[in-house]
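Colleague: Take this structure first; my questions come after.
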Amino acid sequence: MRALLQRVLRAEVSVDGRTTGKIGKGLLVLLGVMEGDTEAEAHYLADRICGLRIFEDEKQKMNKSVLDVDGEVLAVSQFTLAADVSHGRRPSFIAAAKPGCAQTLYQCFVDETSKLLNKPVPTGVFGADMKVALINDGPVTIWLDTEELRKKHDNP
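Shown next, in the form of structure tokens:
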């Protein structure tokens, strides 16, 4: 799984002009599910994101997590994070999980994140053409890839 996190003051996602998810202070998570991803990775990524210390403390140091600041998470599925642009000029999305599997794992991530935060996680609409608006805070933008995280975890 690949996730692009943006620390936000607020964010919202809409489909056909209708808002489907909206948050205040917290994290916008754009999530791409890759072929071969598992529920264990969805749980791992949710835990990692909820515990990531990218919010400032009283000394302006990034020492607090979204949990520590009672923040929110907005999760938006984004298969284009699976893009391979290493050949030619047209991205290949062959590494993206098939829609049925991707939707199941995306929902698993949303459910686990909601459980960890102890609050609902608003979302977009899986597979829809969505519009995302946000106010990036910092700006702070972080890239997470479970494949890279697994490699580091397995080989400290």
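Per the working numbering, the very first residue in the sequence shown carries number 910; after that it's consecutive. Ideal Cβ placement from N, Cα and C applies to all residues, glycine included.
#1: Under a three-way DSSP split, which group does Phe1035 fall into?
#2: When we look at the beta-carbon of Pro1031 and count the other beta-carbons within 10 Å, is it buried (16 or more) or exposed?
#3: Need the endpoints of the alpha helix (DSSP H) that Gly960 sits in, please.
#4: Between which two residues does the alpha helix (DSSP H) harbouring Ser1023 extend?
#5: Please classify Ala991: does DSSP put it in a helix, a strand, or coil?
#6: Note the first and the last residue of the continuous beta strand (DSSP E) segment covering Glu921.
#7: Quick check: what's the CA-CA separation for Ala1011 versus Pro1048?
#8: Could you name the residues that DSSP lists as bridge partners for Leu983?
#9: Assuming Val985 and Val1041 are in contact, meaning their beta carbons sit under 8 Å apart, how far apart are those beta carbons, in whole angstroms?
Modeller: So, from the listed chains and residues:
#1: coil
#2: buried
#3: Glu948 to Gly960
#4: Pro1008 to Leu1026
#5: In the structure shown, Ala991 sits in a helix (DSSP, three-state: H, G or I).
#6: Arg911 to Val924
#7: The alpha-carbon atoms of Ala1011 and Pro1048 are separated by roughly 29 Å.
#8: Leu937
#9: 6 Å
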